[in-house]
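Converting from the sequence shown to the numbering used here requires adding 9 to each position, the first position being numbered 1.
We treat Cβ as the ideally placed atom computed from N, Cα and C, and that holds for glycine.
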Amino acid sequence: MIPVPLKRLTETAIIPTYGSANAAGFDLHADLGKAPFALVHPGEHRLIRTGIAVALPPGFALLICPRSGLSFKSGITVHNGPGVIDADYRGDIGVILHNTTHMQFVVNAGDRIAQGVIVPVFQAAFDEVDTLDETARGTGGFGSTGVAGLPPAAVIGMRAMAQDAADRRRWSNLRPAPGLSESQTKDNGVKWLDAEPEEAAVAMLKAA
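Put into structure tokens, the structure is as follows:
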């Protein structure tokens, strides 16, 4: 363990505790002052104070992470998770809760709203160069490592096959537009789209 000075900024603030002997994160509690509860509306986010401030030792940071139980049971997560508290910050630790559901969520005073994880950090000494060392990945960006062990050409081929299969399924689900044969409908999708919506709906219902 590392010693971390902590100050309660309000009388109602709750000092964080670990849930078990080997827990990585400690519980952070909602400090609402005199209010008994706070609301997080559907699809919105709201800053909830904890009423505590800490003095982290140099070389460490505090990550504000979602609680898995709260996320799974109620759809409530940390909006910018994980949030980062720097070692030189001395203010109230706030948690931005985000409601991912279509229902209003109630935060009661003292509720466990997030967990804090203290981690070591390293600052970089950037050195500008003309070239970087080569790697197997190279400049591959988003999604480039999604299919392990396959060259890029193979991945592109698999995606093309998947798209072709999807196209075949889409055509197989179509019904002939009114006044057209099945072959005409498949040969020219525009004719299907140009049909009157009501007539197309009736034709699909009759053919189903």
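- With respect to residue 125, residue 69 sits apart: the two C-beta atoms are not nearer than 7 Å.
- Inside the segment 67-154, DSSP marks whole beta strand (DSSP E) runs of 3 or more residues at positions 69-74, 85-87, 92-94, 103-108, 114-117 and 121-129, from first to last along the chain.
- Between residue 132 and residue 50, the CB-CB gap reaches or exceeds 7 Å.
- Around the Cβ of residue 40, a 10 Å sphere holds 16 or more other Cβ atoms; the residue is buried.
- Under the three-state reduction of DSSP output, residue 173 falls in the helix class.
- Boundaries of the beta strand (DSSP E) around residue 62: 61-63.
- Pairwise C-beta distances place the segment 107-123 out of contact with the segment 141-149, as fewer than three of them are shorter than 8 Å.
- Counting C-beta atoms within 10 angstroms of its own C-beta, residue 37 has 16 or more neighbours from the protein chains shown and is therefore classed as buried.
- If you ignore the 5 residues before and after residue 26, its C-beta comes within less than 7 Å of the C-beta of 35 and 36, all in its own chain and listed in chain order.
- Distance between residue 64 and residue 81, taken at the CA atoms: about 32 Å.
- Residues of the same chain with a CB within less than 6 Å of the CB of residue 92, apart from the 5 flanking positions on each side, are 73 in chain order.
- For residue 75, the closest of 121, 66 and 117 by C-alpha to C-alpha distance is 121.
- When the beta-carbon positions are compared, residue 61 and residue 17 come within less than 7 Å of each other.
- Restricting attention to 42, 97, 90 and 130, the CA atom closest to the CA of residue 106 is found in 90.
- A check of alpha carbon separations from residue 13 across 169, 172 and 128 identifies 128 as the nearest.
- Of the candidates 30, 15 and 88, 88 places its Cα closest to the Cα of residue 56.
- In chain order, 110 and 114 place their CB closer than 8 Å to the CB of residue 83, counting only its own chain and leaving out the 5 sequence neighbours on each side.
- Here residue 49 is bridged, per DSSP, to 114.
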